[in-house]
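**Q**
There are 2 protein chains.
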Amino acid sequence: MTILRKERFDLPEGIIYLDGNSLGALPKGAIERANDVMAAEWGTSLIRAWNSADWMALPAKVGDRIGRLIGAPAGSVMTGDTLSIKVYQALQAALQMRPKRRVILTDSGNFPSDMYMAQGLIRTLDRDYELRVVEPEAVHAAITEEVAAVMLTHADYRTGRLHDMPSITAAAHAHDAVMIWDLAHSAGALAVDLSALGAEFAVGCTYKYLNGGPGAPAFIYVRPDLISEIAPALAGWMGHDAPFAMEPGYRPAMSIERMRVGTPAIVQLAILDAALDVWEDVDMHALRDASLVLSGLFIDEVERRCPSLELASPREGSRRGSQVSFAFEHGYAAMQALIDHGVIGDFRAPDIMRFGFTPLYLDEADVVQAAETLGAVINQDLWRHAKYQTRSLVT
Amino acid sequence: MTILRKERFDLPEGIIYLDGNSLGALPKGAIERANDVMAAEWGTSLIRAWNSADWMALPAKVGDRIGRLIGAPAGSVMTGDTLSIKVYQALQAALQMRPKRRVILTDSGNFPSDMYMAQGLIRTLDRDYELRVVEPEAVHAAITEEVAAVMLTHADYRTGRLHDMPSITAAAHAHDAVMIWDLAHSAGALAVDLSALGAEFAVGCTYKYLNGGPGAPAFIYVRPDLISEIAPALAGWMGHDAPFAMEPGYRPAMSIERMRVGTPAIVQLAILDAALDVWEDVDMHALRDASLVLSGLFIDEVERRCPSLELASPREGSRRGSQVSFAFEHGYAAMQALIDHGVIGDFRAPDIMRFGFTPLYLDEADVVQAAETLGAVINQDLWRHAKYQTRSLVT
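As they're listed, the protein sequences go chains A and B. Per the working numbering, the first sequence starts with residue 1, numbered consecutively. Per the working numbering, the second sequence starts with residue 1001, numbered consecutively.
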């Protein structure tokens, strides 16, 4: 069965979209589902929809659907909040599980918000915790008995460089550290098998490869044997064992429900649920194969045309996520010019032109055409006409 | 100008809705706005919509619109996340502002999730903090120099009993305690003037009286002179001074933006923004007057018909929010029967039948008809036919 299913998306005419790693495309059916939730459920059933449409069960139901794509068993993934909040939940639980240890280990390739959340947690705890940041290549050697939690993003958001999940997880466990994986650029992009991995926690967002829409809910995975050990810091009523008993004291649910916090964003969850319909029969290994064909082809086609661009992603497919990045001094201007010519990628400071590959709605002809357009922008210096030549970072 | 504007809502035929204090009705225009965000912005502009549709500015823009309704100046209200998360942010900041004090004072009328979040924060801090819970009438006397923060919900979710915000805030300040008000049942229901009040923090949700839809984003108000003092625990990248500089260290924005955490729920924010259009020309004092007329009329009409129901809300209008509650032994069954007869209220354990009054889409004829129906349910023992006679609290 082919992976390509462009007919399941509403893609704008005349655009080649290579930024599904930032915000996935609009799946067909998502608007209808939003309308249905708003008109038939909210508008007509009003408060009764919490029962009649089973809104209360939606976060776990959607979590299970994501679980299938990342190798997590039913009942181990909960959706809600934002990825930053889910990072905080995982980190706080990890520190609690290793009360005598004081180091959170991460790498300089981690997404800034993950580091910021760790910094915020440490500042709040006001004890001698340390966020230790090493280079990606130095992670293995930095895992010691001091480390409470190893927190890494699987695929580097700038370069797509992959960490080797099994070996790092094994190293963390060999030193009795808790392993937290951020799957922001992996869920829906790579074949991840959390059950086989044995990591304690994974978190991720759903508005990239999973196409859940802008601000779609995040998710958190907790290894099933650990769920009942967690005493949530973010002890919201939706994670209570009996939310509507309105007890004065918090008693966490005896399931993944305890990772819920407040009232779920029902409309966004329903849109995400509709977006997941597209994934029903997708084999993640076949998707990964298709992704590597597309990204490899893009590297070849761009390098052949643009010797002034320097590949910033791993050349070896097995070490590369579902994106390709090129460093170029005038990258910001070049990306603007490229977008003006109908090929949408994005830019990450200081000089990274970033291109994401989403095999559900991108084919080889798109990739070749994108490379041709990029070649014209670079070789004909079209970027010199871009409105902004550099990005103002103070906004 | 009249407050009533039923024509601005899509209300189901044959229903009298007295539960807008739990989930507000669907405003006209909200579905169109959601469609526009999804089709034109997400679907067509894709990632570019963050700039072209100014999604990045939406949380603050919507915050300012809520600010007008609660007497908060521009730049002091931020939307996002859930109310529970906003409670956590306010509490953590308050404890940080009073580092030598160890008591969070609240009352038994507070909403459970507010207490749970305090318990979760205290457990995480793992020091000698105490959540001190007193009866609502005992709050004044319990404000001492030990108290770091007084955290109260203005209107009791079960009875609608109001706290006197000015006198409690003044008492808190007389003892140098930080004041946090939860406006869940006040925003869009009462005339609140945060600027005059001088409280340090206020939080609230937007899916009740503000009609933002199920799971609509919450809000937090920070007194403007304090914003730059807060070192957020939930230090997400959206609250960073330069989110896209991707700096390794967290530097909070020098504005209310620092209360942001992760990527905002754009679709739900846009729906809320559309819902706030209805409020553009609403005078909050006139709304409060209309609310008291409706709730007073309901009390009269119900008491005249149903001597077996005991008023659980304050009889005096100035002490009552925008809801009326009656205690009735068979309240759960009676509420089911009432809903079956077209009048929607809700039930709160152990025996509270709760009715909310939303003058934007409810008039005196509705109130009289609702009381007549309730009279029939009670006096003809219709509740004995309800499917469930008591609510199972272990779900």
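Glycine included, every Cβ here is placed at the ideal spot set by N, Cα and C.
Could you pull the start and end residues of the alpha helix (DSSP H) that E289(A) belongs to?
**A** In the first sequence, counting from the first residue as 1, residue 289(A) sits at position 289. The sequence shown places Asp at residue 289(A), rather than the Glu named in the question. Residues M284 to R305.
**Q** Please determine if the region 179–188 of chain A and the region 307–326 of chain A are in contact, where contact requires at least 3 C-beta pairs separated by less than 8 Å.
**A** Enough Cβ pairs lie closer than 8 Å, so yes.
**Q** Is any beta-carbon of chain A found at less than 8 Å from that of G1331(B)?
**A** Within the second sequence, residue 1331(B) is the residue found at index 331, counting from 1. Taking Cβ atoms only, chain A never reaches closer than 8 Å to G1331(B), which makes this a no.
**Q** Alpha carbon to alpha carbon, what distance is there between T159(A) and D381(A)?
**A** Residue mapping note: residue 381(A) aligns to position 381 of the first sequence, counting from 1. Residue mapping note: residue 159(A) aligns to position 159 of the first sequence, counting from 1. If I take the Cα positions, the gap works out to 24 Å.
**Q** Count Cβ pairs between the region 131–149 of chain A and the region 1268–1283 of chain B that sit closer than 8 Å; are there 3 or more?
**A** No, they do not touch.
**Q** Suppose contacts are defined by Cβ-Cβ distances below 8 Å. Is P1264(B) in contact with L1069(B) by that definition?
**A** Here residue 1264(B) is taken as the residue at index 264 of the second sequence, counted from 1. Here residue 1069(B) is taken as the residue at index 69 of the second sequence, counted from 1. For P1264(B) and L1069(B), no; Cβs fall outside 8 Å.
**Q** Pairing CB atoms from the region 75–83 of chain A with CB atoms from the region 211–219 of chain A, are three or more of them under 8 Å?
**A** Verdict: yes, contact present.
**Q** Take V1087(B) and list the residues in its own chain whose beta-carbon comes closer than 6 Å to its own, dropping the five residues that flank it on each side.
**A** Residue numbering aside, residue 1087(B) sits at position 87 when the second sequence is read from its first letter. These residues qualify, in order along the chain: D1114, M1117 and V1203.
**Q** Just the Cα atoms here: how many angstroms apart are P1166(B) and D1176(B)?
**A** The residue you call residue 1166(B) lines up with position 166 of the second sequence. The residue you call residue 1176(B) lines up with position 176 of the second sequence. Each residue's Cα considered, the two are about 15 Å apart.
**Q** Chain A beta carbons: is any one of them nearer than 8 Å to that of R1101(B)?
**A** For the purposes of this step, residue 1101(B) is taken as the residue at position 101 of the second sequence. False, the Cβ-Cβ gap to chain A never drops below 8 Å.
**Q** At which residues does the beta strand (DSSP E) containing E1130(B) begin and terminate?
**A** What you label residue 1130(B) is simply residue 130 of the second sequence in a count that begins at 1. From DSSP, the beta strand (DSSP E) with E1130(B) extends over E1130 to V1134.
**Q** By how many angstroms is the C-alpha of R1008(B) removed from the C-alpha of A1053(B)?
**A** Locating residue 1053(B) in the second sequence gives position 53, where the first residue counts as 1. Locating residue 1008(B) in the second sequence gives position 8, where the first residue counts as 1. Between A1053(B) and R1008(B), the C-alpha separation is close to 25 Å.
**Q** Take L393(A) and list the residues in its own chain whose beta-carbon comes closer than 6 Å to its own, dropping the five residues that flank it on each side.
**A** In the first sequence, residue 393(A) corresponds to position 393, counting from 1. Since pLDDT at L393(A) reaches only 47, below the 50 mark, its modelled position is unreliable, and the value read off the structure follows with that caveat. The answer is none, since no qualifying residue turns up.
**Q** With a threshold of 8 Å between beta carbons, is Q92(A) in contact with chain B?
**A** One-based indexing of the first sequence puts residue 92(A) at position 92. Closer than 8 Å to some Cβ of chain B, the Cβ of Q92(A) qualifies, so yes.
**Q** Can you tell me which residues form a DSSP beta bridge with D1182(B)?
**A** The count along the second sequence starts at 1 and reaches residue 1182(B) at position 182. The partner list for D1182(B) (beta bridge, DSSP) reads T1153(B) and V1203(B).
**Q** From L1210(B) to I1003(B), what distance separates their C-alpha atoms?
**A** Position 210 of the second sequence, counted from the first residue, corresponds to residue 1210(B). Position 3 of the second sequence, counted from the first residue, corresponds to residue 1003(B). Each residue's Cα considered, the two are about 14 Å apart.
**Q** For A1245(B) and chain A, any beta-carbon pair shorter than 8 Å?
**A** For this step, residue 1245(B) is matched to residue 245 along the second sequence. Yes, A1245(B) lies at the interface with chain A (some Cβ there is under 8 Å from its Cβ).
**Q** For L105(A), list the residues DSSP reports as bridge partners.
**A** Locating residue 105(A) in the first sequence gives position 105, where the first residue counts as 1. Paired residue(s): R132(A) and V150(A).
**Q** Please list the residues of the region 1148–1166 of chain B that have a C-beta atom closer than 7 Å to any C-beta atom in chain A, keeping them in chain order.
**A** For the region 1148–1166 of chain B, which is checked against every Cβ of chain A, not one residue is closer than 7 Å.
**Q** Where does the unbroken alpha helix (DSSP H) through T390(A) begin, and where does it stop?
**A** For the purposes of this step, residue 390(A) is taken as the residue at position 390 of the first sequence. Segment: none, T390(A) is in no alpha helix (DSSP H) and carries neither H nor E.
**Q** Use the C-beta contact count for R1315(B): other C-beta atoms within 10 angstroms, 16 or more gives buried, fewer gives exposed.
**A** Counted from its first residue, the second sequence places residue 1315(B) at position 315. Exposed: under 16 other Cβ atoms inside 10 Å.
**Q** Is there a Cβ of chain A sitting closer than 8 Å to that of A1138(B), yes or no?
**A** Counted from its first residue, the second sequence places residue 1138(B) at position 138. So, not an interface residue.
**Q** How far does the alpha helix (DSSP H) with V1377(B) in it extend, from its first residue to its last?
**A** Position 377 of the second sequence, counting from 1, holds the residue named residue 1377(B). First-last of the alpha helix (DSSP H) with V1377(B): E1364 to N1379.
**Q** Just to confirm, is the Cβ distance from S195(A) to A371(A) under 8 Å?
**A** Walking along the first sequence from the start, residue 195(A) turns up at place 195. Walking along the first sequence from the start, residue 371(A) turns up at place 371. In this structure, A371(A) does not lie closer than 8 Å to S195(A) by Cβ.
**Q** Counting only beta-carbon atoms, is I271(A) nearer than 8 Å to chain B?
**A** Counting from 1 along the first sequence, the entry for residue 271(A) is found at position 271. So yes, I271(A) belongs to the interface.
**Q** Looking at chain A, which residues of the region 1051–1064 of chain B have a Cβ within less than 8 Å of any of its Cβ atoms?
**A** Flagged, chain order: W1055.
**Q** How about V192(A) and I168(A): do their beta carbons lie closer than 8 Å?
**A** To locate residue 192(A), count along the first sequence from 1; it is residue 192. To locate residue 168(A), count along the first sequence from 1; it is residue 168. Not closer than 8 Å, so no.
**Q** Tell me the DSSP secondary structure of T79(A) in three-state form.
**A** One-based indexing of the first sequence puts residue 79(A) at position 79. Reduced to three states, the DSSP call for T79(A) is strand.
**Q** Taking the C-alpha atoms as reference points, what is the distance between V103(A) and G1024(B)?
**A** Indexing the first sequence from 1 puts residue 103(A) at position 103. Indexing the second sequence from 1 puts residue 1024(B) at position 24. When rounded, the distance between both Cα atoms is 46 Å.
**Q** Distance, Cα to Cα, D1363(B) vs L1294(B)?
**A** By one-based count along the second sequence, residue 1363(B) stands at place 363. By one-based count along the second sequence, residue 1294(B) stands at place 294. Each residue's alpha carbon lies about 7 Å from the other.
**Q** Let me check understanding here. Comparing Cα to Cα, which of L1026(B), I1085(B) and A1030(B) lies closest to V261(A)?
**A** Along the first sequence, read from residue 1 onward, the residue named residue 261(A) stands at position 261. Considering only alpha carbons, the answer is I1085(B).
**Q** Would you please verify whether the beta carbon of Y250(A) is less than 8 Å from any beta carbon of chain B?
**A** For the purposes of this step, residue 250(A) is taken as the residue at position 250 of the first sequence. It does: the Cβ of Y250(A) has a partner Cβ on chain B nearer than 8 Å.
**Q** Excluding the five sequence neighbours on either side, which residues of its own chain have a C-beta within less than 6 Å of the C-beta of T395(A), listed in chain order?
**A** As a working note, residue 395(A) is residue 395 in the first sequence. Bear in mind that a pLDDT of 35 at T395(A), under 50, signals an unreliable position, so the model cannot answer this.
**Q** What would DSSP say about E32(A), mapped onto helix, strand or coil?
**A** Here residue 32(A) corresponds to residue number 32 of the first sequence, with the count starting at 1. The answer is helix: DSSP assigns E32(A) an H, G or I state.
**Q** Let me see if you follow: with CB-CB separation under 8 Å, is V266(A) close to chain B or not?
**A** Taking the first sequence and counting its residues from 1, the one referred to as residue 266(A) is at position 266. In the sequence as presented, Val is not what sits at residue 266(A); that position holds Ile. Taking Cβ atoms only, chain B reaches closer than 8 Å to I266(A), which makes this a yes.
**Q** Between M1246(B) and E1200(B), what straight-line distance do the alpha-carbon atoms span, to the nearest angstrom?
**A** Here residue 1246(B) corresponds to residue number 246 of the second sequence, with the count starting at 1. Here residue 1200(B) corresponds to residue number 200 of the second sequence, with the count starting at 1. Looking at the two C-alpha atoms, the distance is approximately 31 Å.
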